[in-house]
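**Q**
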Amino acid sequence: MALINFLLDSKFEGKLILALQRAVHSEFTESDWIEIGYQTGEHEYIQSHNRLLRSLHFGDEDYGASIFQVLKYLSMHNPDAIQVIIDNTKVNRILQRDAPDLLFELGANVDHVPTVLTKSLLATEVVERALADADSLLKTSGPISCVDRLHTALHGYIRALCTEAGIPDLEGASITTLFKKLRSSHLSFQHLGTRDNEIVRILNGFGTVIDAINTIRNNATVAHPNDSLLSEAEATLAINVIRTLFHYISAKVDQ
Numbered sequence: 025m026a027l028i029n030f031l032l033d034s035k036f037e038g039k040l041i042l043a044l045q046r047a048v049h050s051e052f053t054e055s056d057w058i059e060i061g062y063q064t065g066e067h068e069y070i071q072s073h074n075r076l077l078r079s080l081h082f083g084d085e086d087y088g089a090s091i092f093q094v095l096k097y098l099s100m101h102n103p104d105a106i107q108v109i110i111d112n113t114k115v116n117r118i119l120q121r122d123a124p125d126l127l128f129e130l131g132a133n134v135d136h137v138p139t140v141l142t143k144s145l146l147a148t149e150v151v152e153r154a155l156a157d158a159d160s161l162l163k164t165s166g167p168i169s170c171v172d173r174l175h176t177a178l179h180g181y182i183r184a185l186c187t188e189a190g191i192p193d194l195e196g197a198s199i200t201t202l203f204k205k206l207r208s209s210h211l212s213f214q215h216l217g218t219r220d221n222e223i224v225r226i227l228n229g230f231g232t233v234i235d236a237i238n239t240i241r242n243n244a245t246v247a248h249p250n251d252s253l254l255s256e257a258e259a260t261l262a263i264n265v266i267r268t269l270f271h272y273i274s275a276k277v278d279q
């Protein structure tokens with residue numbers, strides 16, 4: 025989903041602008057603002073703003089308010105500029121630390137899995153967005169990068185389902201542990217149809233697969249600085265397994 029569509033949601037826009045304002049306020053220098061201006065075609069607006077750079081230079085109290093004003097202007101008139109600010113190295117580092125849920129919802133890679141997905145984001149939307157992101161990454165970065173993106177999305181998705189179902193003891197749980205908890209405690213997985221014994225065997229196999237993909241993600245993808253990476257065929261295999269899990273889990277919880 026394009027950033028402009030997120031910005032049309034006033035609640036999401038408000039949370040994003042607040043997170044960006046805090047990151048920019050703590051990190052940006054005058055040079056950073058000028059660079060953003062030239063990157064986005066907004067250099068005249070930024071350099072002619074009546075307070076932004078002046079307040080920054082003198083450490084005035086209204087600098088924070090000026091940042092809000094600029095971000096709101098860009099949100100309304102140049103959403104692509106907001107994306108440039110999100111992708112700025114300094115800002116993105118702060119967002120990774122303080123607002124991973126927002127980055128995750130935007131479809132960006134995050135260094136750690138968000139605690140819980142935004143309540144307004146439906147399960148079907150999570151699945152559709154993750155799969156769409158995967159298709160985009162396959163075209164631009166190849167299957168190895170896609171493994172990390174889908175693994176992170178699946179981890180956050182399963183944890184969100186567990187949290188919403190009131191399943192306890194999730195703090196720090198691995199994706200393997202969360203999948204076991206989902207299967208054993210979520211009401212949607214208590215009835216597996218007429219061939220439940222065989223389905224249980226399939227799901228047990230997927231539990232083993234998830235554990236293996238978790239190891240692969242940490243030791244053979246670009247999620248961490250690894251020397252030995254998956255080959256393209258094996259990365260594609262991992263991607264297709266995660267896609268299958270997304271479709272199955274989504275189908276069960278949305279019944």
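Counted the way the working numbering counts, the sequence shown spans residues 25 to 279.
C-beta atoms are modelled at their ideal positions from N, C-alpha and C, and glycine is treated no differently.
1. Would the beta-carbon of A123 fall within 9 Å of that of K205?
2. Applying the criterion that 16 or more other CB atoms from any shown protein chain within 10 Å of the CB defines a buried residue, is I266 buried or exposed?
3. Any idea if P167 is buried or exposed, counting beta-carbon neighbours within 10 angstroms, 16 or more meaning buried?
4. How is the alpha helix (DSSP H) around F213 delimited, first residue to last?
5. State the DSSP-derived secondary structure class of A123, mapped to helix, strand or coil.
6. Just the C-alpha distance for R75 and G180, rounded to the nearest angstrom, thanks.
7. Is D125 buried or exposed, if buried means 16 or more other CB atoms sit within 10 Å of its CB?
8. Distance check for G217 and H210, CA to CA, integer angstroms please.
9. Let me know the secondary structure DSSP gives E54 once reduced to three states.
10. At the level of alpha carbons, what is the spacing between H271 and I182?
11. Which residues mark the beginning and the end of the alpha helix (DSSP H) in which P167 is found?
12. Rounding to the nearest angstrom, what Cα-Cα distance links E222 and R173 in this structure?
13. Helix, strand or coil for R117? Go by DSSP, reduced to three states.
14. Using a Cβ-Cβ cutoff of less than 8 Å, which residues in the same chain neighbour H49 once the five nearest sequence positions on both sides are dropped?
15. Can you confirm whether the region 70-85 touches the region 106-117 when touching is taken to mean that 3 or more C-beta pairs between the two stretches lie within less than 8 Å?
16. Relative to the alpha-carbon of T53, which residue among F82, V224 and L98 has its alpha-carbon at the smallest distance?
17. What separation, rounded to the nearest whole angstrom, lies between the Cα atoms of T239 and G61?
18. For the alpha helix (DSSP H) containing I7, list its first residue and its last residue.
19. How long is the line joining the alpha carbons of D135 and Q120, rounded to whole angstroms?
20. What residues in its chain sit with their C-beta under 7 Å from that of S269, if we drop five residues either side in the sequence?
21. With H, G and I counted as helix, E and B as strand and the rest as coil, what does DSSP make of A275?
22. Taking Cβ to Cβ, would you say E129 is nearer than 9 Å to F36?
23. In this structure, how does DSSP classify R267 when only helix, strand and coil are distinguished?
24. Between the Cα of I58 and those of G190, V171, I109 and S34, spot the shortest distance and give me the residue it belongs to.
**A** So, from the listed chains and residues:
1. The answer is no: Cβ separation not under 9 Å.
2. Per the 10 Å Cβ criterion, buried.
3. Buried.
4. Run containing F213: none; DSSP gives neither H nor E here.
5. In the three-state scheme derived from DSSP, where H, G and I count as helix and E and B as strand, A123 is classed as coil.
6. Inter-residue distance for R75 and G180 is about 41 Å (C-alpha atoms, whole angstroms).
7. Counting of Cβ neighbours within 10 angstroms places D125 among the buried residues, the total reaching 16 or more.
8. The alpha-carbon atoms of H210 and G217 are separated by roughly 16 Å.
9. DSSP places E54 in helix when its eight states are reduced to three.
10. Near 12 Å, if we compare the C-alpha coordinates of I182 and H271.
11. Element bounds for P167: P167 to E188.
12. Each residue's Cα considered, the two are about 30 Å apart.
13. R117: helix per DSSP, three-state reduction.
14. For H49, where only same-chain residues beyond five positions count, the Cβ hits under 8 Å are Y87, G88 and I91.
15. Output reads no: the region 70-85 does not touch the region 106-117.
16. For the residues F82, V224 and L98, the minimum Cα distance to T53 belongs to F82.
17. Using only the alpha carbons, I get a separation of about 42 Å.
18. Only positions 25 to 279 of the chain appear in this structure, which leaves residue 7 out of reach.
19. Note on D135: pLDDT 47, under 50, position unreliable in the model; the coordinate value appears next. When rounded, the distance between both Cα atoms is 6 Å.
20. Checking the displayed sequence, the identity of residue 269 turns out to be Leu instead of Ser. Leaving aside the five residues that flank L269 on each side, the residues in its chain whose CB is nearer than 7 Å to its CB run, in chain order, L178 and F230.
21. If DSSP states are grouped into helix, strand and coil, A275 belongs with the helices.
22. Contact check for E129 against F36 passes: the beta carbons are separated by less than 9 Å.
23. Looking at R267 - three-state DSSP - the assignment turns out to be helix.
24. When each option's Cα is compared against that of I58, the closest is I109.
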